[in-house]
């Protein structure tokens with residue numbers, strides 16, 4: 052437990068007295084530690100895509116004439132992918148900031164199947180660069196409705212599908228199934 056004290060010494064007829072106000076500041080100390088850990092994590096997480104973008108850009112710039120079109124395209128796709136990773140991270144940080152300021156979050160009725168299809172289309176090039184196949188199955192009459200914040204669900208789909216692409220080996224298959232398990 053951490054405490055902070057403010058003390059005043061008596062003067063005049065109150066000479067010889069000390070008046071102190073003691074406060075438990077443990078929650079502030081813990082909040083500071085959490086802030087420091089968060090800043091450290093953000094620093095690391097932002098440096099990773101920035102480093103990848105910088106390396107890929109430098110390779111393109113330095114060896115452009117010696118690279119095949121296929122290798123150039125692969126480097127450009129890496130840059131695009133890392134830029135998306137960085138964008139997602141920044142969006143997450145901004146979302147945390149909005150939560151902290153008590154900004155009203157809007158929840159609507161959403162059908163997650165079309166959103167998943169949309170994210171698969173958006174990330175298709177990344178999968179193709181690794182020669183991966185992505186398929187999707189929506190059960191329950193092609194509807195899976197939830198009440199949620201649309202930006203959150205889009206980010207969740209982007210992260211899930213992006214991670215599946217990232218961690219699935221070359222020539223692998225990724226299958227997204229929405230609804231009940233069969």
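Residue numbers (the numbering used here): 52 to 233. All residues carry an ideal CB built from backbone N, CA and C; glycine is no exception.
- Item | Helix, strand or coil at residue 195 [DSSP, three-state] | coil
- Message: Between which residues of its own chain and residue 181 is the CB-CB distance below 6 Å, once the five residues before and five after are set aside?
- Response: 221
- Exposure label - residue 215; buried when at least 16 CB within 10 Å: buried
- Task: Ignore the nearest five residues each way along the sequence and tell me which others in residue 167's own chain have a CB closer than 8 Å to its CB.
- Result: 187, 189, 208, 212, 227, 229
- Which residues does DSSP pair with residue 237 in a beta bridge? The displayed coordinates of the chain run from 52 to 233. Any statement about residue 237 would go beyond what the structure contains.
- Message: Would residue 104 and residue 134 be called neighbours here (beta carbons separated by less than 8 Å)?
- Response: yes
- Would a C-beta distance cut-off of 8 Å place residue 224 and residue 183 closer than the cut-off? yes
- Task: Figure out for me which residue from 218, 162, 219 has the closest Cα to the Cα of residue 198.
- Result: 162
- Item | Option nearest residue 160 by Cα separation, candidates 120, 140, 203 | 203
- Task: Whole angstroms is fine: what's the gap from residue 69's alpha carbon to residue 57's?
- Result: 10 Å
- Task: Pull up the DSSP beta-bridge partners for residue 203, would you.
- Result: According to DSSP, which records beta bridges pairwise, residue 203 is partnered with nothing at all.
- Within 10 angstroms of its Cβ, does residue 95 collect 16 or more other Cβ (buried), or is it exposed? exposed
- Query: With burial defined as no fewer than 16 other Cβ atoms inside 10 Å of the residue's Cβ, what is the status of residue 112: buried or exposed?
  - Reply: exposed
- Item | Local conformation of residue 72 per DSSP, three classes | strand
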